[in-house]
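Down below is the structure, laid out as structure tokens.
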Amino acid sequence: MNRELNTGVFKFILNELKPKGKLITPFNIIALITIMTAAWILFIRFTSGLGSVVDADQSRPWGLWINFNVITGVAFAGGAYVVTFMVYILGLEKYRPIVRATVLYALLAYIFYAGALLLDLGRPWKVVNPIIGNSFGISSVLFLVAWHFILYMGSLFIEFLPAIAEWATLKRQRKFFASLTLAVVIFGIALSTLHQSGLGALFLMAKPKIHPLWYSEFIPVLFFISSIPAGLSLVVVLESIGQRVFKENMSFLHTSSHRKIMFSLARICTISLFVYFTMVFLVFLHGKNLSYLNTPWGYWYLVEVIGFVLIPCTIFLYGYRRLNLQMVRIAASLTIIGIILNRLNISTIAYQWYSKSLHFPTWMEVVVTCAVIFVQLLVFRWIVRRMPVYKESPSWIKEDMENKSFKIKNESINLNTRREKWKVSAE
Amino acid sequence: MGVDRRNFLKALGVVGSTLTMGKTFGATPEKTKSDIEFDGILFDSTLCAGCQNCEVVCAEHYGFPLPEDVPEAGVVRETSEKRRVAINSFNTSGGEFFMRKACNHCNEPACASACLTKAMLKTDEGPVIWREEKCMGCRSCMIACPFDIPKFEFNSPNPKINKCRMCFELLIEGEKPVCVVNCPAEALLFGKRRELIEIAKARIYADPENYNHAIYGEHEVGGTGVIYLASVPFEELGLRNDLGTVAYPEYNKTFLYSVPAVLVLWPVFLLGLSSAAKERKLKSQIEEES
């Protein structure tokens, strides 16, 4: 009996591991070549040191892997905490179809982008030091960010567990996992608030090195606020691509609600981008930086703030007012570029702005960065084609759901009778 | 031999008094950490002749290659993963002067507060040291240091951070840093930081014509262990005058202090919000049904 069960599980996993869909596609070939090249580059990196691969030197110690993958990439995983906030905390059911895809994207983003940190660490074999407790640098912002990454990865994984349970037909476990969701969502939002802003706080002590137009003591707040439109814009782009690529894996509910959700997200993006712009403007006034505006750095600053914050904000506004999906998608892409610019400006471009030497990432750095993104997308695709992410949940869920709605109804009746009682007693 | 009443009481008294007063009686006052004063180094640029002896002895002591270049005005020689101290030449309004570049051993070092493994450590004695067994090579000390001092071995598979450690291992044996001992011009002076500041002030008072009336490092970035004297404004000698007097870890404090508050208040607020939303949902459901 037991043996049968084991072989059953084994067969199931073996069967699921087989690729679904065409193997030889342009995407797969490009991804494979990039990943193979990256593996070779990483071999060089671990045998002869970071400097042989990365454009980083003593004055700019962090290269593309930290500044793009970790600091920028994590901002775009911010969609998960915003969407779970709307669905589980505010009870806005219309966003429910996109919850799983968003959470899955964020989970993979954290795994692979925080994983990219390991590639960049000079002494990665010491990575357990801040975790196992013999050397807690509790006054360090990075210590906080590292811990929050780990805890948040766990939270996102638990949020995604019901989907895995549905895939593997684990009825009882699914129920248990689903019961954890609210607690984990609340915990996750608190963690996200702190580590999204914490990524900005990493640069607080680099005050003399960052151009005054980008440095302010409010960097953490700006990082947090901007992670909202960043995360949601990525959801817009991801969903729009998903509608085409994963057509056959998509439930009717998901396809039919797409337009409505996109316009609602566009509305939130407009508001959050406008709030972000207002705060950037206030910080600019507060810093008395007017004199810097008429310099090349000032023009570059205006390109970022006007061109990639204010303009996408207005395009979003027009997009949802005129119900033009194309405009919403363009605005989302512009927002994404704007946030990438902002993070790279602070961490790379306007960092050591007074130094005369120009810095560009090496091709090897770029290849590894792309490979990390490719691996993330491949794993995303593998999961989406198997687990109910865009797909409808299996039919046995419905019984559960009916039970639940029955419970809710019961609860509501209870609540109603209780109210009546209070009324009576009050009178 | 039995225990009689008298002996029992005696023993009780002795035990009791040792237990309650043992620490105050007899024990010589031990030095607590707060009693130890920070060590420091005073660099008087009016005395430095640019002989590079400090560079040579430091390289010899720690096994780095000997310097092959000489200080030259207009060229900035940086410290590196193979050099812990660098002497630079500057053509100033008062003629040619030399300035020393090495770790300043800040009172409240940014590097140590940026370090998530406590690999960078401000010792009780004053030197800021790097500990190999703790470091994971994240290089946030390099991002944080306002003087750009920690240097990283980018071309090694087992990279280390290189920076001056004020010869900490010699210090705890009662010796002085090798650069100070071997400075022929006596431009370097080792001692308690407080005393060095007094000496520096005394030098300025004794020879007010010769000195710029300020001590670099007395207040900069919250005070540094290495302090500097010069006869010209410090920025002419390549020292930054825009670093402020706030200790760098202060810039993080607002953020770090808000962490526990957010972790406690946010979930409570969210929980309240979710139950409010749930109630609203129920209400609309009830209305729909009726």
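Chains as they are written, first to last, in the numbering used here: chain A, 591 to 1017; chain B, 469 to 758. The beta-carbon is built from N, C-alpha and C at its ideal position, and this holds for glycine as well.
Separation of Leu892 (chain A) from Val918 (chain A), as counted between CA atoms: Here the question's residue 918 (chain A) lines up with position 328 in the first sequence. Here the question's residue 892 (chain A) lines up with position 302 in the first sequence. Looking at the two C-alpha atoms, the distance is approximately 23 Å.
Mind listing which residues of the segment 811-824 of chain A have their C-beta closer than 7 Å to chain B's C-betas, in chain order? none
Secondary structure of Phe726 (chain A), DSSP reduced to three states: What you label residue 726 (chain A) is simply residue 136 of the first sequence in a count that begins at 1. In the structure shown, Phe726 (chain A) sits in coil (DSSP, three-state: anything other than H, G, I, E or B).
Considering only C-alpha positions, which residue in the set B:Ala582, B:Glu601 and B:Arg599 is nearest to Cys613 (chain B)? Here the question's residue 613 (chain B) lines up with position 145 in the second sequence. For the residues B:Ala582, B:Glu601 and B:Arg599, the minimum Cα distance to Cys613 (chain B) belongs to B:Ala582.
Pull the bridge partners of Cys574 (chain B) from the DSSP assignment, please. Within the second sequence, numbered from 1, the residue matching residue 574 (chain B) stands at position 106. Looking at the DSSP assignment, Cys574 (chain B) forms a beta bridge with B:Thr692.
Three-state class that DSSP yields for Trp598 (chain B) in the structure shown: Locating residue 598 (chain B) in the second sequence gives position 130, counting from the first residue. Assignment of Trp598 (chain B) by DSSP, reduced to helix, strand and coil, places it in the strand class.
Please classify Tyr889 (chain A) as buried or exposed, where buried requires at least 16 other C-beta atoms within 10 Å of its C-beta. The residue given as residue 889 (chain A) occupies position 299 in the first sequence. Result: exposed.
Quick one, which of A:Ile634, A:Thr885, A:Arg764 and A:Phe733 has its alpha-carbon nearest Trp943 (chain A)'s? One-based indexing of the first sequence puts residue 943 (chain A) at position 353. Ranking the options by Cα distance to Trp943 (chain A), first place goes to A:Thr885.
Integer-rounded CB distance, given that Asn521 (chain B) should sit under 8 Å from Asn650 (chain B): Mapped onto the second sequence, residue 650 (chain B) falls at position 182. Mapped onto the second sequence, residue 521 (chain B) falls at position 53. The C-beta distance from Asn650 (chain B) to Asn521 (chain B) rounds to 5 Å, short enough to meet the 8 Å contact threshold.
The ligand ATP and Asp537 (chain B): does the residue's C-beta get closer than 8 Å to at least one heavy atom of that ligand? The ligand ATP is absent from the structure shown, which contains no ligand whatsoever.
Burial state of Thr547 (chain B), where buried means 16 or more other Cβ atoms lie within 10 Å: Your numbering for residue 547 (chain B) matches position 79 in the second sequence. By the 10 Å Cβ count, Thr547 (chain B) comes out buried.
Can you check which of these residues, A:Pro651, A:Ile721, A:Ser638 and A:Pro951, is closest to Val735 (chain A) by C-alpha distance? Stepping through the first sequence from its first residue, residue 735 (chain A) is reached at position 145. If we check each option's Cα against that of Val735 (chain A), A:Ile721 comes out closest.
As a quick exercise: from A:Ala768, A:Val673, A:His785 and A:His801, pick the residue whose alpha carbon is nearest that of Ile987 (chain A). Reading the first sequence from its first residue, position 397 is the one you call residue 987 (chain A). Considering only alpha carbons, the answer is A:Ala768.
Output yes or no for whether 9 Å exceeds the beta carbon distance between Phe853 (chain A) and Gly909 (chain A). Indexing the first sequence from 1 puts residue 853 (chain A) at position 263. Indexing the first sequence from 1 puts residue 909 (chain A) at position 319. Yes, the Cβ-Cβ distance between Phe853 (chain A) and Gly909 (chain A) is below 9 Å.
Give the straight-line distance between the Cα atoms of Trp812 (chain A) and Asn932 (chain A), rounded to the nearest whole angstrom. By 1-based counting over the first sequence, the position of residue 812 (chain A) is 222. By 1-based counting over the first sequence, the position of residue 932 (chain A) is 342. According to the sequence as given, residue 812 (chain A) is Leu; it is not Trp. Leu812 (chain A) and Asn932 (chain A) have their C-alpha atoms some 10 Å from each other.
Output yes or no for whether 9 Å exceeds the beta carbon distance between Pro651 (chain A) and Arg552 (chain B). Residue mapping note: residue 651 (chain A) aligns to position 61 of the first sequence, counting from 1. Residue mapping note: residue 552 (chain B) aligns to position 84 of the second sequence, counting from 1. No.
Let me make sure I understand the geometry here. Which of A:Ile929, A:Ile936, A:Thr959 and A:His801 has the alpha-carbon closest to that of Asn879 (chain A)? As a working mapping, residue 879 (chain A) is identified with position 289 in the first sequence. Minimum Cα distance to Asn879 (chain A) is reached at A:His801.
Indicate whether at least one CB of chain B lies closer than 9 Å to the CB of Pro720 (chain A). Residue 720 (chain A) sits at position 130 when you count from the first residue of the first sequence. It does; some Cβ of chain B falls within 9 Å.
So is Tyr678 (chain A) in contact with chain B if we call contact Cβ pairs under 9 Å? Along the first sequence, read from residue 1 onward, the residue named residue 678 (chain A) stands at position 88. Closer than 9 Å to some Cβ of chain B, the Cβ of Tyr678 (chain A) qualifies, so yes.
Strictly below 7 Å CB to CB, what residues from chain A border Glu663 (chain B)? Here the question's residue 663 (chain B) lines up with position 195 in the second sequence. Here the premise fails: no neighbours, minimum Cβ distance about 29 Å.
Give the DSSP bridge partners of Asp512 (chain B), in chain order. Mapped onto the second sequence, residue 512 (chain B) falls at position 44. In the DSSP output, where bridge partners are listed per residue, Asp512 (chain B) has B:Leu697.
Counting beta carbon pairs with one atom in the segment 626-641 of chain B and one in the segment 578-594 of chain B, are three or more of them shorter than 8 Å? yes
Nearest residue (CA-CA) to Ile831 (chain A), options A:Arg971, A:Gly663 and A:Ile620: Here residue 831 (chain A) refers to the residue found at position 241 of the first sequence. Of A:Arg971, A:Gly663 and A:Ile620, the residue nearest in Cα terms is A:Arg971.
Residue-level contact to chain A via CB, Pro701 (chain B), 9 Å cutoff: One-based indexing of the second sequence puts residue 701 (chain B) at position 233. It does not; no Cβ of chain A falls within 9 Å.
How many Å lie between Lys797 (chain A) and Phe733 (chain A) at the Cα? Mapped onto the first sequence, residue 797 (chain A) falls at position 207. Mapped onto the first sequence, residue 733 (chain A) falls at position 143. Rounded to whole angstroms, Lys797 (chain A) to Phe733 (chain A) spans 20 Å at the Cα level.
The segment 645-672 of chain A: positions lying closer than 8 Å to chain B by Cβ: Ala646, Asp647, Gln648, Ser649, Pro651 and Trp652
So the beta strand (DSSP E) Asn559 (chain B) belongs to, where does it begin and stop? Within the second sequence, the letter at position 91 stands for residue 559 (chain B). Taken as a continuous stretch (DSSP letters only), the beta strand (DSSP E) holding Asn559 (chain B) covers Ala554 to Thr560.
For the structure I just gave you, are there three or more beta carbon pairs, one from the segment 940-956 of chain A and one from the segment 632-647 of chain A, closer than 8 Å? yes
Hey, quick one: how far does the beta strand (DSSP E) through Met977 (chain A) stretch, first residue to last? Numbered from its first residue, the first sequence carries residue 977 (chain A) at position 387. Here Met977 (chain A) belongs to no beta strand (DSSP E), and DSSP marks it neither H nor E.
Please determine, among B:Glu540, B:Ala570 and B:Glu686, the residue with the shortest C-alpha to C-alpha distance to Asn556 (chain B). What you label residue 556 (chain B) is simply residue 88 of the second sequence in a count that begins at 1. Nearest option by C-alpha distance: B:Glu540.
Terminal residues of the continuous beta strand (DSSP E) containing Arg834 (chain A)? Taking the first residue of the first sequence as 1, we reach residue 834 (chain A) at position 244. It is not in any beta strand (DSSP E) - Arg834 (chain A) instead sits in the alpha helix (DSSP H) that spans Ile809 to Val835.
Find the residues of chain A that neighbour Met604 (chain B), judging by a C-beta separation of less than 9 Å, and give them in chain order. Residue numbering aside, residue 604 (chain B) sits at position 136 when the second sequence is read from its first letter. Here the neighbours are Leu711, Gly712, Arg713, Pro714, Trp715, Lys716, Val717, Val718, Asn719 and Pro720.
Express the C-alpha separation of Gly727 (chain A) and Thr591 (chain B) in angstroms, rounding to a whole number. Position 123 of the second sequence holds residue 591 (chain B). Position 137 of the first sequence holds residue 727 (chain A). So the alpha carbons of these two residues sit roughly 15 Å apart.
Exposure label - Trp630 (chain A); buried when at least 16 CB within 10 Å: Walking along the first sequence from the start, residue 630 (chain A) turns up at place 40. Answer is exposed; the Cβ neighbour count stays below 16.
In three-state DSSP terms, what is Arg971 (chain A)? Taking the first sequence and counting its residues from 1, the one referred to as residue 971 (chain A) is at position 381. DSSP places Arg971 (chain A) in helix when its eight states are reduced to three.
Go ahead and pull the three-state DSSP assignment for Asn626 (chain B). Position 158 of the second sequence, counted from the first residue, corresponds to residue 626 (chain B). Coil, per DSSP.
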